[in-house]
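According to the numbering used here, the sequence shown is numbered sequentially starting from 5.
Shown next, in structure tokens, is the structure this report addresses.
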Amino acid sequence: MSPFQKTAILFFATGAGAGYSPWFPGTAGTLLAIPLSLSLNGIAAASLPLAFFILIALTVCAGWLCQRAEGIFQAKDSPKIVIDEIAGFLLANFLSPFGWAPTGAAFFLFRFFDIIKPFPAGRAEKLPGGIGVILDDLIAGCYTLLILRLLLLRGLL
Numbered sequence: 005m006s007p008f009q010k011t012a013i014l015f016f017a018t019g020a021g022a023g024y025s026p027w028f029p030g031t032a033g034t035l036l037a038i039p040l041s042l043s044l045n046g047i048a049a050a051s052l053p054l055a056f057f058i059l060i061a062l063t064v065c066a067g068w069l070c071q072r073a074e075g076i077f078q079a080k081d082s083p084k085i086v087i088d089e090i091a092g093f094l095l096a097n098f099l100s101p102f103g104w105a106p107t108g109a110a111f112f113l114f115r116f117f118d119i120i121k122p123f124p125a126g127r128a129e130k131l132p133g134g135i136g137v138i139l140d141d142l143i144a145g146c147y148t149l150l151i152l153r154l155l156l157l158r159g160l161l
């Protein structure tokens, strides 16, 4: 791997350096994901198929980056790798209405589920390679998406 490739992988896998935060790197990565998710939701307003394609493509790329970054850091699910939190939050906040309440609720719910890792997220995290790194965050994103939708349907947000 060339030095440029290594630098590019680390840049994206650490969320442009958010993963190097000495305090709560996963939270820093999720904060970085907020403007990205709002942009993705803006794209969805114009073209849902395009937004869905972008979400899937970014998730696949994030899984690949997790795999590569694990090799560079020589550590299983290094806290410096936050692209998984970014992908998970993009899913969690997908198609949410624009506003502080839904975005804030998505942020706190996602961090909650990412930290406590309800079934099957805890098991998914134990899978080898990049899939184990990202899958628990995607599951946390699914739980968040479900609860967020219920809150929105009930008019609580």
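Even for Gly, the Cβ is constructed at its ideal location relative to N, Cα and C.
Here the structure is a predicted model, which means the values were calculated and not measured.
Could you spell out where the alpha helix (DSSP H) holding residue i opens and where it closes?
i: Trp-68; result: 52–77
i: Ala-91; result: 87–96
i: Pro-7; result: 7–17
Given a cut-off of 8 Å on the beta-carbon distance, is the pair residue i and residue j in contact?
i: Lys-10; j: Ile-76; result: yes
i: Leu-40; j: Ile-90; result: yes
i: Ala-48; j: Leu-36; result: no
Alpha carbon to alpha carbon, what distance is there between residue j and residue i?
i: Ile-135; j: Thr-34; result: 19 Å
i: Ile-73; j: Ala-17; result: Looking at the sequence shown, residue 73 is not Ile but Ala. Straight-line Cα distance between these residues: approximately 6 Å.
i: Ala-125; j: Ile-143; result: 6 Å
i: Leu-62; j: Gln-78; result: 23 Å
i: Gly-30; j: Val-64; result: 19 Å
i: Cys-146; j: Phe-117; result: 10 Å
Please tell me whether, using a cut-off of 7 Å, the distance from the CB of residue i to the nearest non-hydrogen atom of the ligand ATP is below it.
i: Arg-127; result: The model depicted lacks the ligand ATP and carries no ligand whatsoever.
Since residue i contacts residue j with CB under 8 Å, what's their CB separation in whole angstroms?
i: Leu-14; j: Leu-59; result: At roughly 23 Å, the Cβ-Cβ gap does not stay under 8 Å, so Leu-14 and Leu-59 are not in contact.
Mind pulling the alpha helix (DSSP H) runs of 4 or more residues that sit fully within the segment 106–142?
125–129
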